[in-house]
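The structure appears below as structure tokens.
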Amino acid sequence: MSLNNILTNWSRYRKGAEEGGFHEYEHQWGMVVDLNKCIGCNACSVACYAENNLPVVGEARYAKSQFMSWMRIERYWDEPDLEPYQASPTANVDVWIETNPPAGKTALKPSMPGSYAEGLLEPGGQGFEERVGVFGTKGEMQDFGASFLPMMCQQCHAATCEPVCPVAATYHTPDGLNAQVYNRCIGSRYCSNNCPYRLRYFNFWSYYEDAWPEPLHMQLNPDLAVRDKGVMEKCTFCVQRIRVAKDEAKMENRKVRDGEFATACVQTCPTGALVFGDLQDPESRVSKLWRFHQVEQGKTKQNKQNKELRGYRILEGLNTDPSVMYLERVREV
Amino acid sequence: MSGNNVNRRDFLKILGWGGVGVAVAGCDRPTTVTLEEGKEEVVAYLQPEEYVIPGVGVWFASTCQQCPAGCGVHGRVREGRVLKMEGNPDSPINYGKLCQMGQAGLQGHYNPDRLKKPLLRKGGALTEVSWEEAMAQLDQKVGIASGLNGERFAWFTGTVSGHQSVLLSAHLASMGSKNHFVHEVINDAVVRAVNQDMLGEAAPRYLLDQAKVVLSFGADFVGAGASPVYFANSYAKFRTATPRGVLIQVEPKMTLTGGSADLWVAIRPGTEGVLALGIANYLTTNGVDASGLPESLRALISGYGPDKVSKITGVSADRVARIAALLKDRSPSLVLAGASAEGHAHGYQSVAAITLLNILLGNVGKTIVPSGASQFPQMEAKPGNTRDLLAFANAAEQKALDVVFFHGANPVYTAPAALGLAEKIKNIPFKVAFSCFPDETAMSADLVLPILSAHEDWGTHMGVYQPEQKSISIQQPLMEPIYPDSKGFGDLLLVMLKARKVTGFDGFEDYYAYLKSAFAALPASVKGDAVSDEDFWGKTLQKGIVKVATVGGSLSTKAIEINLPEFKEDSSRPYHLVPSARLGMWDGRHANLPWLQEAPDQISKVVWTSWVEVHPQTAAKLGVKEGDFIKVASEHGAVEAQVYIYKGVHPDVIAVPMGQGHEEYGRYAKGRGVNPLKVLAPATDAKTGELALYATRVTATHAGRRELLVKLMGNETQLGRKMVATVKAEVFNRTEGGKDVA
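Chain order of the listed sequences is F and W. Just so we're aligned: the first sequence equals residues 1 to 333 in our numbering. Just so we're aligned: the second sequence equals residues 1001 to 1742 in our numbering.
This is how it looks when you write it as structure tokens:
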């Protein structure tokens, strides 16, 4: 896609869900993450390092959050659905995204102690007990396991990162992906600031200078570039694998078959918690799962006939229209 | 081929196929090669070089060497370099999947700190020498002319299997010695001993997917266990069964498996057996038939009423009753024991009490079924333990050894300081390390022989836990050696056997020729539809897996006497030290892999260093905040690391993960974090002699300094947003039970 094309057809590509959406896709690669199966083991994340030439940044840079893990496993200790958090009755309550406080409880506000706006929750800090009472499980001990959440670029169809790029380095492809053109990127980092999921990673350094001392560099995947300082990057849904599969299908004059290939994370997942495929192919596994769980694209709020079905998209209320559907964790309580 | 004086029976033994089962027929027919999803082609190593097209990757089958599980792998090779590992879908262990350690095997192969030349200790320092000089030294010390013979020679290895094990045993026999110390810190030796005594088989098959409830006493089966990927696959079936399986995890510190529990129960370390008897007490007083148990056991169980059990274990009586009721109502269940139950002076007794629950609940035969043995016993994995580490330290102290060969184990790092191993092995005049890396043991050896990496060498392996389909997994080179001055382990074994003039091995030019002959000598039942030996060899290399028959296999239940000690507190050292194992660093062998150093610990999310896990109450008592350093001191030493505070650890427990604290082992590992194994008390399980890893008492004090604890998560909570949403199992069973959606 040329820059000229983007500039000429900007409004066409940016047609949001509220305007009926953009429908001229060849594919719409999507994913399903079943949190009932995910054990948080990290295999997906390391597979991604191996496949996508992700640099190891070292402890000092990691401390500054300059790491490059396109796929990361977040881990939370609380489960708002099972153990409703309790907010201070004196808190000045207004809107908190997706918050649906149970009767008699108040919604959480960013200015509350220990919340986002206050900075990091500091265990052992002043008032920690009180705050753990608010955020953790209610009892003295952790009564159930952790809540693991694999997070990779959600490949949003109404991506908040795309319209803010001053040079159209990030744009939407006919495959339904948020592409990042490294050669076009000038490192403004607007896209990263605009991503509500914090899934974009910036090359603050020329990591290649020390990330792959000889002969570690021999492992680098020649199918994709090693990125240099000043460039934004993120999960591509292993676009190099998509390319190979599409080329092969084209040479054999057929469509890409469901399950014919998978991204590195999906391929290795020991429990099969991750599923990858084309949401435009009604017979693909991902399509069947989206249909079964009554999750539809182009919506900011799902109107499910069966409210008990597990499918949901993270922060979809922000009108990002993600291509990744999560299936709720299940607990015996 | 083979020597002239070898009869067929001996010949088969030389080739690794000795044993009762050689004539067994009726194995699975190997299927033809399948093209894996998205893979350009899976080819045999024998394909001509013209096959390799620039820009096109080719996949070769091999075996993962990152832990003893022995997963089958495919390695993607392009322009002569191996780039990516994926699981081999034909492997009955990992079904095409890999864990993070398997993914990171490449960084061992391409590690910048690999040994490149043989090293010989000259005047106190290790000095690079030629292979000629190294082998001359070796011959001088262990060759026939050396006169060394008998028990003054030993091998010290990690888990070993397949033809390497066959050759190693032949070499040991040629030396006239029986000293083979097999050491793994992460092992299930106590559970194996109990299973052997109570069920008649050391490693039976656990049918997780048939169990409606799994009660695990610290068994980290999807994490640092016998076969993590195999159990992860079983776990997924268990969680998607109808009704969905329930996981209850009881342990002093949350393991990766505990991280997925429906009910997580913190227990005072060492009281796992008491809780098991408390559950048995509830069951027998609530209608579960215990008449099959001996009178003495029934009396024992009746002595563990709710109040007593609750007082000792710290688990409330309500909770004990709830767990027991769940087990009773939802049959069949499965009760497992793991490292935190095993690692005490009475570890065997605790595990026996836990295993008794399976007998009482009627799980044997339902969720625990026989696994049997492979038809080729010589090839089976020799599982490691810590008993051999203690025996080795003792032998070194007694000056009972003249020569020791190390391979696949790093005892100088894993041995507790109280054992004094680093000093004691100085009593052994000639220590040889066969190693890829300058680890602590290699650096204290007298001769270091650089061996090929797992991705450069030939071999055959059997996973340490093969409960379903017994199979032999092929290890073949995925690329040419990076360092021409390193040699294959099998090749070296063969050279040493020839030097000892062992009959039968002189005809093989190298290890490859030996392996090829071995596969040609397999019975037709194993070869399936191959039309010739050459055809079979080609198919074997292409597929990477040879399925073999199972012999025997039966379970019998035997309730044994159980003696649990009185539980004592130690006010001078109020905390229990938990040296926790993690999938990733494992026992420290992966600390030199940068991907795994930067992969956050699954529970604490800490990277690149060691940390200390404490409960918020304990943190308050010690007056520490996250990032503060605390000093954890036992009778035998102290370590200092930063605090991570959460509720997934018992308030009486201080947990420090294994894996860091290397004094050698290359740039990524050396001088990073601390090694909790160093401060362990050298206590042992009274019955098995295994090191009691969880039995050390410690004090904890604020060390007075603080740094940012480097970890992934800036926030421990969801702040009320729907990040990880949760539904109740009853809803899941209603909406998805019995449905195969996609």
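Built from N, CA and C at the ideal position, the CB exists for glycine as well.
Under 7 Å, do residue i and residue j count as touching if we go by C-beta distance?
| i | j | result |
| --- | --- | --- |
| W:Y1823 | W:G1343 | This structure gives no information on residue 1823 of chain W, because the portion of chain W shown stretches from 1001 to 1742. |
| F:C48 | F:A264 | yes |
| W:S1453 | W:A1442 | no |
| W:F1508 | W:T1540 | no |
| F:F148 | F:C44 | no |
| W:A1345 | W:A1692 | yes |
| W:L1596 | W:A1104 | yes |
| W:R1330 | W:A1729 | no |
| F:T320 | F:C156 | yes |
| W:P1332 | W:N1363 | yes |
| F:G272 | F:D258 | no |
| F:L274 | F:V33 | yes |
| W:Q1137 | W:G1102 | no |
| W:V1624 | W:I1630 | yes |
| W:V1246 | W:D1220 | no |
Strictly below 8 Å CB to CB, what residues from chain F border residue i?
| i | result |
| --- | --- |
| W:I1603 | R75 and A146 |
| W:G1258 | G145 |
| W:I1482 | P215 and M218 |
| W:N1233 | P270, T271 and G272 |
Rounded to whole angstroms, what's the CA-CA distance from residue i to residue j? Just pull it up for me.
| i | j | result |
| --- | --- | --- |
| W:K1527 | W:F1536 | 6 Å |
| W:K1253 | W:Y1644 | 12 Å |
| W:L1199 | W:T1355 | 9 Å |
| W:V1033 | W:F1231 | Note that W:V1033 scores a pLDDT of 32, beneath 50, so its modelled location is shaky and nothing firm can be said. |
| W:A1742 | F:T300 | 25 Å |
| F:M325 | F:G311 | 6 Å |
| W:L1172 | W:N1410 | 20 Å |
| W:I1545 | W:M1462 | 10 Å |
| F:P322 | F:Q154 | 5 Å |
| W:A1023 | W:Y1304 | With a pLDDT of 37 at W:A1023, under the threshold of 50, the predicted position of this residue should be treated as unreliable, though the coordinate-derived value follows. Each residue's Cα considered, the two are about 52 Å apart. |
| F:Q280 | F:G176 | 10 Å |
| F:L108 | F:W70 | With a pLDDT of only 44 at F:L108, under the threshold of 50, the placement of this residue in the model should not be trusted; the figure read from the coordinates follows. Cα-Cα distance, rounded: 29 Å. |
| W:I1144 | W:D1685 | 40 Å |
Just the chain F side, please: which residues come within less than 9 Å of residue i by C-beta, in chain order?
| i | result |
| --- | --- |
| W:M1254 | Q142, G145 and A146 |
| W:T1271 | Under the 9 Å cutoff, chain F gives no residues; its nearest Cβ is about 15 Å from W:T1271. |
| W:E1251 | Neighbours of W:E1251 on chain F: none; closest Cβ ~11 Å, over 9 Å. |
Rounded to the nearest angstrom, how far is the Cβ of residue i from that of residue j, given a contact under 8 Å?
| i | j | result |
| --- | --- | --- |
| W:D1579 | W:P1676 | Checking the displayed sequence, the identity of residue 1579 of chain W turns out to be Pro instead of Asp. With a Cβ gap of about 4 Å, W:P1579 and W:P1676 count as contacting. |
| W:Y1511 | W:D1485 | Not confirmed; about 17 Å, so no contact. |
| W:G1016 | W:F1376 | 7 Å |
| F:C191 | F:T170 | 5 Å |
Please report whether the beta-carbon of residue i lies at a distance below 7 Å from any beta-carbon of chain C.
| i | result |
| --- | --- |
| W:D1740 | No chain C appears in the structure shown, which is made up of the protein chains F and W. |
Starting from residue i, trace the alpha helix (DSSP H) in both directions and tell me its first and last residue.
| i | result |
| --- | --- |
| W:G1490 | F1489 to A1499 |
| W:D1472 | Before going on, a small fix: residue 1472 of chain W reads as Ile here, not Asp. W:I1472 -> not in any alpha helix (DSSP H); beta strand (DSSP E) instead, spanning S1471 to Q1475. |
| F:R310 | Taken as a continuous stretch (DSSP letters only), F:R310 belongs to no alpha helix (DSSP H), as it is neither H nor E. |
| W:F1392 | R1387 to E1397 |
| W:N1195 | A1189 to L1199 |
| W:P1228 | P1228 to T1240 |
| F:S45 | A43 to E51 |
| F:R291 | R285 to F292 |
| F:R227 | Element bounds for F:R227: n/a, residue is neither H nor E. |
I'd like to confirm something about residue i: is its beta-carbon nearer than 6 Å to some heavy atom of the ligand SAH, or not?
| i | result |
| --- | --- |
| W:D1529 | The ligand SAH is not part of the structure shown, which contains no ligands of any sort. |
Between which two residues does the beta strand (DSSP E) containing residue i stretch?
| i | result |
| --- | --- |
| W:R1121 | L1119 to K1122 |
| W:S1216 | V1213 to F1217 |
| W:E1664 | Unbroken run through W:E1664: none, as it is neither H nor E. |
| F:Y326 | V324 to L327 |
| W:D1329 | Segment A1317 to D1329 is the alpha helix (DSSP H) holding W:D1329; no beta strand (DSSP E) there. |
| W:N1733 | Premise fails: W:N1733 lies in the alpha helix (DSSP H), A1729 to E1736, not in any beta strand (DSSP E). |
Given that residue i touches chain W, what residues does it touch there, using C-beta distances under 9 Å?
| i | result |
| --- | --- |
| F:G40 | L1256, G1259, S1260, Q1602 and I1603 |
| F:N183 | Residues of chain W passing the Cβ test: none, with the nearest at roughly 21 Å. |
Check the Cβ of residue i against every Cβ in chain F and list those closer than 7 Å, keeping chain order.
| i | result |
| --- | --- |
| W:M1713 | E74 and R75 |
| W:W1793 | Chain W is shown only over 1001 to 1742; residue 1793 of chain W falls outside these bounds and no answer can be derived. |
Residues of chain W with CB closer than 7 Å to the CB of residue i, please, in chain order.
| i | result |
| --- | --- |
| F:L35 | V1724 |
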